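Going letter by letter, the sequence shown gives residues 293 to 1232 in the working numbering. Heads up, the thing below is written out as structure tokens.
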Amino acid sequence: MEGRRQARQHLKGSYYNWLVLSYSISSNQEEISFIVFQSLKEEEDEYVEGTERKKAELDIAVHVKDDSGHTAIAIHSPYWMMNKTGRLLQYNADDIHHKHAFTKNNDMPLLFSFKPRHFLRNNKVRLMISESELSDEFSLDTVGSHGKVKCKGIHKDYLVGVKINASSFSLTRIVTFVPFYTLVNKTKYKIFICEDEGDTWTEINPEQPATPFWPENGTKKLKIKVDGCLTPPLKVDFTRQENSLLLHLNDSLGGIIVDVNLSEHLVTIQFSEYRDGSAPFLIINHTNDQTLYFNQSSQKEIEKEELEAGKAVYYTWTDPTGSRELCWTCGPYSGTLKTEEVFYKSLTRFYERKLFVISFFEGLQRVVVFTEDQDIYNLLGESEKMQAAEQEIILLLQNVGVSLVNNTTSQEVSFIGITCSDVVWETQPRKKKRWKILNIKEGDMLEKHFKEYISSSPIEDAIVELENNYKVRFTSNGVDMHMLQPFDAPLRRHFLPGIKVEYSISPRQSTYRVKIHRIQIQNQMQSAIFPYVFYPVKLPKSITMDSEPKPLIDICIVTRAAGHSEIPRIKYFKVLIQEMDLKLDLGFLYSIFDLVNPENTTSMSPVELFEKDIEYIKTDLNDVSAADTSPISLYEFFHISPIKLHFSFSLSSGGEDGSKEKRATEVIPVQSLNLLLKSIGATLTDVQDVVFKLPAFELKFQFCTTQQLQWKVIRHYSKQAIKQAYVLVLGLDVLGNPFALIRGLSEGVEAFFYEPYQGAIRGPEEFVEGMALGAKVFVDKAVGGLAGAAFKMTGAMAKGIAAITMDEDYQQKRREAINRQPSGLKEGLARGGKGLVSGFVSGITGIVTKPIKGAQKEGALGFFKGCGQGLVGAIARPTGGIVDMASSTFQGIKRAAETSQNVESLRPPRFIHEDGVIRPYKAREANGSQMLQVYESPLS
């Protein structure tokens, strides 16, 4: 844009009318700048007699984006502050101080910004609520995070929940402040609450909006009483998660349920009506003449309750804040009950009658039966036993492939392959239908001797004696083979399918099992930075040698009928996920974005997105603290294995991209993230092989709704991910990824001490083998880690030198060469030498060839541009070749030290004819097309 343009801007807000006198736009306008608006009225609250009246100021950010001859100007506030606390909030940062009153409608945000001179930094703010002091500093830029802020006051400390979300415009963050504790009354009674050791009672009427609760002391307990109930108030710990805690009132009112839902930024204490199954125990005394005595273990024994023979009673905790264990005595027998136990006990003593105690679930209700009847004990015990399947369905898929093709560009973007395993050997134990997989060590031994047997073109069967006293009978057709020693069993050579789905059902039980052996996602774009986007990491030998091959994903779910109830009861839910590698580059993300968002699809307009943001901020506190209404289930055992993910990311796109100008103006998630980081003074950069280790998640005997379970899982892994986010900082490409070096050394030490422990369980010989393997892994990790760090540091230097040449073809070919990793030190040296010679030759010849190429493409302008590239390349290419040689050598050392196998391509990219019609895949065409693309012309 030539010259300067001025405009007079007027902004109307919820509290002030703002005016800016003028704003100028120039041809060299910065991407992010500010307009300072001034209020049309003075700040009366801040006026001091004898001083000049001050007018409030508002800093509004301006994002300027040039796009094909026109300039788009986006005016935005960096932060929308939403006050849902019901109290006056004040924000303080450097020389900024804003008051934010709570209004009844509360449907408009306070626009907030740091001063322009501090904008491109990781700024922090301090909060004040009512008469409190300023809180500690906290960031407003961690989009997607939730937490709480503590403001110390004279009489009490305030806890304020903070939730930070992104708006539809990536540069604006919506920051919502809520009371950390809220009360919700969904009963038909009037409820009064008061802190323990306090005397100020808060009244909560039925169905009234959510009520903020501000604790005044540190007891962490609430006293609760209900209107019309004469019994003493009951206490509840409001800092502990509670699902359906029943409070016992008098006989006329029965009881009410308390749910305490904990989250990162909000604790909701909800009261609701009694419902079936709310009592912790239904105790049934089915003895002939024995009286049953029971009491809460944290209560005195003199407070024991009694239950006569032939009667039943619902029991809830006398002290809801005490222990969750019930002590009982019945005749000469005694014991304890816990709510998370399912058991069947037969108690007997000399000269005494037997007593049977059965604890089980009927829907949500825990039932405990005391009986002397053997038949009842057998009947109830039989209903809980695992049952053999009456019907079974098994689905096996050997290999599955999904090809993602962009019809617009007639190009295959990605290929997703689910593949079967290598050969495995299995035996069939006696009296069992299922085949058992031998471990990898045994399988490799059998495979080696079987191939030797087959290579001799046998006609007859052969009995072969193997090491470790193994003896097998091989057959020429591979059928009816037999293991003779160390045990007698049928033997077969087999494979594990890519996908295996099993479903079995019995009258009281259903079982689901899903196994996915291997998933590999390939980037099929020409000259991809990372050809393999996702694949399982090969496990170290310390784990695989003595275990069977494991699938990438293994899910097993066992559900049982909960008596006559329709409440889901998940007896067993386990997910095992093996180590994974994820590598993304910007070009691949662009291609996927184009695939799922074609140009002809209509998206929401900026005005519609803005209206959507406005609807979001209008949600009241009831919506924020809304209780979960999804059905509840019993999870007896729920486990997700640890997740270990290797992550790499490159800002390079690679290959030919005809939409580079369009990319510069698009706002896709990656660009939005880059812009967001830039606004807080950070930079998105390349990341190489950083490792996220997320610990396992486990629940035992808990009632959860689906929403609660999802939130628990998300909160668990998000917490761990945030803690480990520092790996992205240490994983910067220019630093040589020191985290990978540290991790390599530490893994070697861990392997050295961990594998001998595994071997020691199996006997002295295996312990010695484990020591040897541990020493090898230690050396491999240490050497590989040091060489890997040196390779990345030299690689980063060479990458910078390559960028100086301004020659995209040269940079692309260099990236392709780096992606073809050497198999060892010898190949690394050979490639380094070739790269060095190539750098000198191409640098010298480029003085001639670059001007010619430039003239062919862009005429006279291209000729002079080519001259510049040729002269710069004459110096930069040989220098880059020297650095690349060192980098390739270090990479070869690293590969020689590693014991993992290379990832192999599942298939070359699909060839699409000029007519753009997608036809069945032909390997011959794909291979031919790939060969032509790799072919280098003489002038290149």
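Note that beta-carbon positions come from the ideal geometry of N, C-alpha and C, so glycine has one too. No experiment lies behind these values; they were computed from the predicted model shown.
What residue range is occupied by the uninterrupted alpha helix (DSSP H) comprising residue i?
i: methionine 896; result: Neither: methionine 896 is in no alpha helix (DSSP H) and is coded neither H nor E.
i: phenylalanine 742; result: 732-747
i: isoleucine 884; result: 878-888
Mind checking whether residue i and residue j have CB atoms under 8 angstroms apart?
i: arginine 658; j: proline 525; result: no
i: serine 437; j: isoleucine 421; result: no
i: serine 570; j: aspartate 551; result: no
i: valine 441; j: alanine 458; result: no
i: glutamate 534; j: proline 507; result: no
i: leucine 463; j: alanine 353; result: yes
i: glutamine 690; j: proline 789; result: yes
i: valine 716; j: proline 841; result: yes
i: isoleucine 924; j: cysteine 996; result: yes
i: tyrosine 450; j: valine 417; result: no
i: leucine 878; j: phenylalanine 822; result: no
i: glutamate 597; j: asparagine 587; result: yes
i: aspartate 886; j: leucine 868; result: no
Here's a check: name, in chain order, each residue in its chain whose Cβ is nearer than 6 angstroms to the Cβ of residue i, leaving out the five neighbours to either side.
i: threonine 531; result: Lys512
i: isoleucine 686; result: Glu794
i: tryptophan 372; result: Pro401, Ile466
i: tryptophan 727; result: Glu718, Gln720
i: asparagine 553; result: Thr560
i: tyrosine 864; result: Val850, Phe929
i: phenylalanine 902; result: none
i: glutamine 375; result: The sequence as given places asparagine at residue 375; glutamine does not occur at that position. Cβ within range, chain order: Leu381, His392, Phe394, Phe469.
i: tyrosine 484; result: Checking the sequence shown, residue 484 turns out to be phenylalanine, not tyrosine. Same-chain partners within the cutoff: Trp493, Glu495, Lys517.
i: glycine 1208; result: Ser702
i: tyrosine 1009; result: Leu986
i: serine 589; result: Ser615, Glu617, Cys619
i: cysteine 848; result: Arg805, Lys866
Hey, quick one: how far does the beta strand (DSSP E) through residue i stretch, first residue to last?
i: lysine 807; result: 801-808
i: valine 1195; result: Segment: none, valine 1195 is in no beta strand (DSSP E) and carries neither H nor E.
i: phenylalanine 648; result: 647-654
i: alanine 604; result: 604-607
i: asparagine 457; result: 449-458
i: tryptophan 372; result: 371-375
i: serine 695; result: 692-698
i: lysine 515; result: 513-518
i: glycine 709; result: 703-711
i: alanine 781; result: 781-787
i: phenylalanine 941; result: 935-942
i: lysine 831; result: The identity of residue 831 in the sequence shown is leucine, whereas the question assumes lysine. No beta strand (DSSP E) contains leucine 831, which DSSP labels as neither H nor E.
i: glutamine 382; result: 381-385
i: cysteine 486; result: 483-487
i: lysine 719; result: With the sequence shown as reference, residue 719 is identified as threonine, and lysine is not the correct amino acid for it. First-last of the beta strand (DSSP E) with threonine 719: 715-719.
i: proline 471; result: 465-471
i: methionine 400; result: No beta strand (DSSP E) contains methionine 400, which DSSP labels as neither H nor E.
i: leucine 689; result: 683-689
i: alanine 364; result: 362-368
i: tyrosine 927; result: 924-932
Below 7 angstroms CB to CB, which residues in the same chain sit around residue i once its five sequence neighbours on both sides are set aside?
i: lysine 646; result: Ser638, Leu639, Thr640, Glu664
i: glutamate 633; result: Ser651
i: aspartate 978; result: Phe941, Ser942, Leu943, Asp1025
i: leucine 539; result: Ile516, Leu526, Gly547, Ile548, Val550, Pro612
i: glutamate 336; result: For glutamate 336, the pLDDT reaches just 45, beneath the cut-off of 50, and the residue's location in the model is therefore unreliable, although a value from the coordinates is still provided. Contacts found: none.
Closer than 8 angstroms by C-beta to residue i: which residues in its own chain qualify, once you throw out the five before and the five after it? Chain order, please.
i: alanine 1218; result: Arg1199, Pro1200, Pro1201, Arg1202, Phe1203
i: glycine 1220; result: Phe1203
i: lysine 1214; result: Phe1203
i: leucine 541; result: Val518, Cys521, Thr523, Gly547, Ile548
Check your understanding: Quick check: the stretch 747-759 against the stretch 701-721, are there 3 or more CB pairs under 8 angstroms?
Key -> Short answer: they don't touch.
Exercise for review: Run through the stretch 419-447 for me and flag every whole beta strand (DSSP E) of 3 or more residues, listed as ranges in chain order.
Suggested key: 438-444
Practice item. Decide if the stretch 543-557 is in contact with the stretch 470-487; the criterion is three or more beta carbon pairs, one per stretch, under 8 angstroms apart. Key: yes
Review point. Taking the runs of the beta strand (DSSP E) that are 3 residues or longer, which of them lie wholly in the stretch 539-617?
Key: 547-554, 559-565, 573-578, 584-588, 597-599, 604-607
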